[in-house]
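First the structure, in the form of structure tokens, and then the observations on it.
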Ligand code: PAF
């Protein structure tokens, strides 16, 4: 299968290396020539426990010519989705599928608008990966990947799930993909802004009663909005418990939002708390916690980037 991966971050690099080792010859699409040059200096490296796997990457950067890829996997930050879609467009053949494994709610719609309902797969992954340096990924643990049609009547994703699973990236296709996306969104709505604002690793939240109270309120808002969108995330208390379990299971992680804020980068907040707050407004569901966390992260971004 001819595969292109747009976004050489932690998840993009992890999937690239695993697919390469499984015998595919994917292309990694860099943002620009500078990033492509930096990535081609050394092999991509996957650190797992004490072992280190290396793969020489095949790298392209925009403007792409017409490569008839079978699958384009979008693994950029959510706020870079438009740019990723523009980059990928010339590389689409008549039957190319596009799969997003990005965080948050919003990238799916941007890709549907760009490519149409017949070829976009929405997905979410619980793979634990941290980018230590360009091209160097630490694999913190295997988590499942779910994917399915981003719009009614879209591709099922069965074949892609099979290919990922054979490459050691456990994946399942499901028509209920948005349930999985909302579950991950609830986790990100609580853990990401709190760790970024408090400047702590995920595990600290699970030990802190005040933080746990905030998590419960965030979970309640996300569950109420999700229900209006047709997704049942279950009872608020149970959802909050699940989020706290994730914080415990990833105790040593510095969340992606904490890393972005610390590095003075823009965060994915518009696609996380911002997306929930916007949908809350649409459905007249008050979301004061999500609104405030969104604004606080915006304020932090501005301070760190000034
Ligand atoms: O964005 C992240 O960092 C991760 O999705 C999660 C689950 C919060 C773990 O750090």
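Residue numbers (the working numbering): 1367 to 1672. Yeah, the Cβ is synthetic: ideal placement off N, Cα and C, and Gly gets one too.
* To do: Kindly indicate the opening and closing residues of the alpha helix (DSSP H) around residue 1591.
  => 1575 to 1594
* Asked: When DSSP labels each residue in this structure, what does residue 1603 get in the three-state scheme?
  -> Residue 1603 falls in the helix class under three-state DSSP.
* When the Cβ atoms of the segment 1536 to 1547 are set against those of the segment 1615 to 1627, are three or more pairs found closer than 8 angstroms? -> no
* Asked: Which residue's Cα is closest to the Cα of residue 1395: 1481, 1454, 1597?
  -> 1454
* To do: Throw me the rounded Cβ distance for the residue 1469 and residue 1492 pair, which I believe falls under 8 angstroms.
  => That pair is no contact at about 11 angstroms.
* Can the beta-carbon of residue 1441 be found less than 9 angstroms from the beta-carbon of residue 1501? -> no
* To do: Measure the alpha-carbon distance for residue 1630 versus residue 1462 and round it to whole angstroms.
  => The alpha-carbon of residue 1630 is positioned some 35 angstroms away from that of residue 1462.
* Compute every distance between the C-beta of residue 1622 and the non-hydrogen atoms of the ligand PAF, then say whether any falls below 8 angstroms. => yes
* Touching by the beta-carbon criterion (3+ pairs, under 8 angstroms), the segment 1502 to 1511 and the segment 1475 to 1494 -> yes
* Asked: Where DSSP assigns a beta bridge to residue 1393, which residues make up the other side?
  -> 1370, 1424
* Beta carbon of residue 1428, beta carbon of residue 1398: below 9 angstroms? -> Yes.
* Asked: Leaving out the 5 sequence neighbours to the left and right, which residues in its chain are closer than 7 angstroms to residue 1538 when beta-carbon positions are compared?
  -> 1510, 1512, 1527
* To do: Give the DSSP-derived three-state secondary structure of residue 1436 in the structure shown.
  => strand
* To do: Name the two residues that bound the continuous beta strand (DSSP E) containing residue 1492.
  => Careful: residue 1492 lies outside any beta strand (DSSP E) and carries neither H nor E.
* 7 angstroms Cβ shell around residue 1380 - same chain, five flanking residues per side excluded -> 1412, 1493, 1495, 1503, 1505
* How long is the line joining the alpha carbons of residue 1569 and residue 1622, rounded to whole angstroms? -> Rounded to the nearest whole angstrom, the CA to CA distance from residue 1569 to residue 1622 is 14 angstroms.
* residue 1437: which of 1656, 1557, 1481 sits nearest, CA to CA? -> Per the Cα distances, 1481.
* Take the Cβ of residue 1575 as the centre, count every other Cβ of all protein chains shown within 10 Å, and call the residue buried at 16 or more, exposed below. => That one is exposed.
* Residue from 1420, 1430, 1672 whose Cα sits closest to the Cα of residue 1402 -> Of the listed residues, the one whose Cα sits closest to residue 1402 is 1430.
* To do: Using the DSSP secondary-structure output, state which residues sit across from residue 1411 in a beta bridge.
  => 1420, 1502
* Touch check for the segment 1647 to 1656 and the segment 1585 to 1599: three-plus C-beta pairs under 8 angstroms? -> In short, these stretches touch, since the Cβ pair count reaches three.
* Selection from 1418, 1584, 1371, 1467 that minimises the alpha carbon distance to residue 1424 -> 1371
* **Exposure of residue 1472, with buried meaning 16 or more beta-carbon neighbours within 10 Å** => buried
* Is the beta carbon of residue 1448 sitting closer than 9 angstroms to the one on residue 1483? -> no
* Asked: Near residue 1540, which residues of its chain fall below 6 angstroms by C-beta distance, leaving aside the five closest residues on each side in sequence?
  -> 1512, 1514
* Asked: Excluding sequence positions up to five away, which residues of its chain have a Cβ less than 8 angstroms from the Cβ of residue 1668?
  -> none
* Tell me, to the nearest whole angstrom, how far the beta carbon of residue 1581 is from that of residue 1606; I am working on the premise that it is less than 8 angstroms. => The C-beta distance from residue 1581 to residue 1606 rounds to 5 angstroms, short enough to meet the 8 angstroms contact threshold.
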